[in-house]
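Residue numbers (this note's numbering): 0 to 433.
(1) Taking 8 Å as the threshold (C-beta atoms), are residue 316 and residue 188 in contact?
(2) Tell whether a beta-carbon distance below 8 Å holds between residue 442 and residue 66.
(3) Could you give the residue range of the beta strand (DSSP E) that holds residue 279?
(4) Taking 6 Å as the limit between beta carbons, can you name the residues of its chain near residue 308, skipping five residues before and five after?
(5) According to DSSP, residue 82 sits in a beta bridge with which residue or residues?
(6) What three-state label does DSSP hand residue 120 in the structure shown?
(7) Roughly how many angstroms separate the alpha carbons of residue 312 and residue 21, rounded to a whole number?
(8) Return the residue from the list 411, 431, 432, 418 that minimises the CA-CA distance to residue 12.
(9) With burial defined as no fewer than 16 other Cβ atoms inside 10 Å of the residue's Cβ, what is the status of residue 133: buried or exposed?
(10) Taking the alpha-carbon positions, what's the residue 327 to residue 348 distance?
(11) If we ignore side chains and look at the alpha-carbon of each, how far apart do residue 238 and residue 83 end up?
(12) In the DSSP assignment, find the unbroken alpha helix (DSSP H) run with residue 31 in it and report its ends.
(13) Measuring alpha carbon to alpha carbon, tell me which of 374, 198, 357 ends up nearest residue 260.
(14) With three or more beta-carbon pairs closer than 8 Å as the criterion, would you say the stretch 407-415 touches the stretch 95-111?
(15) In angstroms with no decimal places, state the Cα-to-Cα distance between residue 177 and residue 395.
(16) Please report the straight-line C-alpha distance between residue 398 and residue 224, rounded to a whole angstrom.
(17) Which residues bound the alpha helix (DSSP H) around residue 247?
(18) Considering only DSSP beta bridges, list what residue 288 is partnered with.
(19) So, using beta-carbon positions, are residue 14 and residue 421 closer together than 8 Å?
(20) In chain order, what residues of the same chain lie with their CB nearer than 8 Å to the CB of residue 137, ignoring the 5 residues before and after it?
(21) For residue 351 and residue 319, what's the separation of their Cα atoms in angstroms?
(22) By how many angstroms is the C-alpha of residue 369 removed from the C-alpha of residue 429?
(23) Taking just the CA atoms, how far does residue 174 sit from residue 98?
(24) Which residues in the same chain as residue 267 place their Cβ atom closer than 8 Å to its Cβ, once the five residues preceding and following it in sequence are excluded?
(25) With the cut-off set at 8 Å, would you say residue 358 and residue 263 are in Cβ contact?
(26) If you drop the 5 nearest sequence neighbours on each side, which residues of the same chain put their C-beta closer than 6 Å to that of residue 50?
(27) Pull up the distance between the alpha-carbon of residue 110 and that of residue 69, whole angstroms please.
(28) Give the DSSP bridge partners of residue 345, in chain order.
(29) Do residue 214 and residue 245 have their CB atoms nearer than 8 Å?
(30) If distances are taken between C-alpha atoms only, which option among 218, 234, 257 comes closest to residue 247?
(31) I need the straight-line Cα distance from residue 236 to residue 279, nearest angstrom please.
(32) Can you name, in chain order, every residue of its own chain whose Cβ lies under 6 Å from the Cβ of residue 87, other than the five neighbours on each side?
In structure tokens form, the structure reads like this:
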């Protein structure tokens, strides 16, 4: 029997052409229409994937235009690869057309080539080859594709609510190799004032931030005399704030010189007493440290103060020994001690699949076999699609040291990397299903 690895490489040209055709569909979320809850282009992408599956003789299902799946095999148990076929907007600054799927010097460019169309469509083709090869399976294999991952994953929430089958194990090609076994828990807290804003004599407004999960690179103070003061920092993701420098915290000495009153004084008190440059939550009483899964991180991502609105966002990520209820209690006490209020909260559970678990050991063995890389599984502060199902981990498609430019202009993957990732996915899902 021909190995699945050989079969994949023998069909490289057709696999890459399938990926290119997928990239050429601009599946950015649009205005909801009849039978197209995420817009017409996302519907086109879903139909494209399902038509491919049908043409290859796979079992398929459209889950109300919000998700879909293709499947092979028989039996009561099912393992899965979970990907998504929606993409973020293309943005500016592309060297090549974002939906052109052009190949230059062995590199395929296009929005979605790495996140997640390339690995998801590749995994679908691998299912075709596994089916055609007659490899014996003890479990069914399903490739599930969501269509709204980039805007909150309502797609897989709908999949679950509809009573669709939950895989007993699996992985998502939505991150990096070698494998991610732990993702920190996240607590998002909006702080500010609900009632009348207590004004300051000098400050008209303060604005900072790009998003709640980004260290703010710029903060702007507008004074009532018309002067504009800009404070700069350095952008970084909230999961790794030590790579950045908060413009909001850099603002503290500037505000102190202004000797503010009212709610600006309360903001200054909170920043001075409860936040620290190390962004580790010690001043809030929520510092956790775990050798296996890291430390607490705290990011104040967005800040808006004006004479009719005052709020800021805290993005808190905690390791395995952290506790969300304790974090909420401690932050509430700290906020109220400065005369402010909690306006809203949101919690995202941690993901922890032990390194000793069957799924992690099998997938790590496959990765090491294909690449020869002996690196250990990773714990990260960010969140991936793996959190949608129990006993699921993030596994690829980005190799160590690889340039992919996910969510940036010129998103790309080398053809050799695309193919190697598909081989790892195929061998990984077979390891879970055989």
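Note that the Cβ used here is the ideal one computed from N, Cα and C, for glycine as well.
With the given structure in hand:
(1) no
(2) Nothing in the structure corresponds to residue 442, since the chain is present only between 0 and 433.
(3) Element bounds for residue 279: n/a, residue is neither H nor E.
(4) none
(5) 144
(6) The three-state reading of DSSP puts residue 120 in helix, counting H, G and I together.
(7) 36 Å
(8) Nearest in C-alpha terms to residue 12, of all of 411, 431, 432, 418, is 418.
(9) exposed
(10) Distance between the alpha carbons of residue 327 and residue 348: 14 Å.
(11) 22 Å
(12) For residue 31, there is no enclosing alpha helix (DSSP H), since its DSSP letter is neither H nor E.
(13) Distance check between residue 260 and each of 374, 198, 357 places 198 closest, using alpha-carbon atoms only.
(14) yes
(15) 7 Å
(16) 53 Å
(17) 246-249
(18) 294
(19) yes
(20) 74, 76, 432, 433
(21) 8 Å
(22) 14 Å
(23) 22 Å
(24) 251, 254, 255, 259
(25) no
(26) Counting only Cβ-Cβ distances below 6 Å, and skipping sequence neighbours, we find nothing.
(27) 23 Å
(28) 187
(29) yes
(30) 218
(31) 14 Å
(32) So the qualifying residues of the chain are 149, 406.
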